[in-house]
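Trainee:
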Amino acid sequence: MRTAIYPGSFDPITNGHLDVIHRATKLFDHVIVAVATNEAKHPLFSIEERTRMVERAVGHLEHVQADAFEGLLVKYVERRGAQAVIRGLRAVSDFEFEFQLALMNRKLNERIETIFMMPKDAYTFLSSRLVKEIAQLGGDVSPFVPPHVKAALGRKLRLGQPQS
Ligand code: ADP
């Protein structure tokens with residue numbers, strides 16, 4: 000059984016993340032989307048909210064599971080009996096940090112491989128940070144996130160739907 004962990008902040012999960020998850024399910028028997036606590040990043044959504052949003056977004060995918068974790072990623076990967084870490088690469092700008100992270104994780108545990116997946120080109124510009132900014136400024140995020148994430152952003156930012 001080949002298991003991969005897809006770690007990230009998922010603050011919130013976007014269609015770009017979901018594209019990567021779909022691709023990963025073609026390569027692995029089981030994909031665990033692992034939401035990192037990441038308090039240092041001052042996330043908009045709590046770890047519970049982020050995990051619940053992932054859970055709902057992947058609910059229809061049989062071999063995909065949502066989980067939350069804290070601490071060292073390589074230890075979590077071992078604990079879950081996984082063989083690989085999935086990361087998404089959008090552009091060259093992602094590369095340097097991701098390269099450093101992958102090599103550091105290999106140093107910490109050389110049995111774990113990092114696999115990079117590129118999303119559909121329509122999602123290469125998409126990030127959780129931009130989605131939050133657009134929502135904050137009253138823009139429509141429906142092309143970028145599942146409907147329940149859009150609703151959660153509206154509630155969180157007290158914007159919701161414009162009054163008619
Ligand atoms: P992190 O805090 O780990 O960067 P993110 O939730 O922002 O968490 O991203 C998790 C992973 O998903 C990272 O590898 C990131 O590069 C990737 N990712 C984020 N957005 C996209 C996207 N639109 N297309 C492909 N990969 C993405």
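In numbering that gives the first Met the number 0, the protein residues as written are 0 to 163. The beta-carbon is built from N, C-alpha and C at its ideal position, and this holds for glycine as well.
#1: By a C-beta neighbour count over all protein chains shown, 10 Å radius and 16 as the cutoff for buried, is H219 buried or exposed?
#2: Decide yes or no for the touch test of the region 57 to 64 against the region 36 to 43: beta carbon pairs closer than 8 Å, at least 3 of them.
#3: Is the distance from the Cβ of V19 to the Cβ of P118 below 8 Å?
#4: In this structure, does DSSP put H147 in helix, strand or coil?
#5: Tell me whether H21 sits in a helix, a strand or coil according to DSSP, three-state version.
#6: Is G70 near the ligand ADP - that is, is its Cβ less than 7 Å away from at least one heavy atom of it?
#7: Would you give the residue range spanned by the alpha helix (DSSP H) that M116 belongs to?
#8: Jot down the residue ranges of each uninterrupted alpha helix (DSSP H) in the region 66 to 122, minimum 4 residues, whole runs only, in chain order.
#9: On the DSSP letters alone, give me the boundaries of the beta strand (DSSP E) that V32 sits inside.
Mentor: Let me lay it out:
#1: The question about residue 219 has no answer, for the chain in this structure spans 0 to 163.
#2: no
#3: Translated into the one-based positions of the sequence shown, residue 19 becomes position 20. Translated into the one-based positions of the sequence shown, residue 118 becomes position 119. In contact: V19 and P118 (Cβ atoms closer than 8 Å).
#4: Here residue 147 refers to the residue found at position 148 when the sequence shown is read from its first residue. In the structure shown, H147 sits in a helix (DSSP, three-state: H, G or I).
#5: Taking the first residue of the sequence shown as position 1, residue 21 is located at position 22. Of the three classes helix, strand and coil, the one that applies to H21 here is helix, per DSSP.
#6: As a first step, residue 70 is located in the sequence shown; it is residue number 71 there, counting from the start. No, since every heavy atom of the ligand ADP falls outside the 7 Å radius drawn around the Cβ of G70.
#7: Position 117 of the sequence shown, counted from the first residue, corresponds to residue 116. Counting along the chain, M116 falls outside any alpha helix (DSSP H), though it belongs to the beta strand (DSSP E) covering 112 to 116.
#8: 72 to 78, 91 to 107
#9: The residue you call residue 32 lines up with position 33 of the sequence shown. Here the beta strand (DSSP E) through V32 covers 29 to 35.
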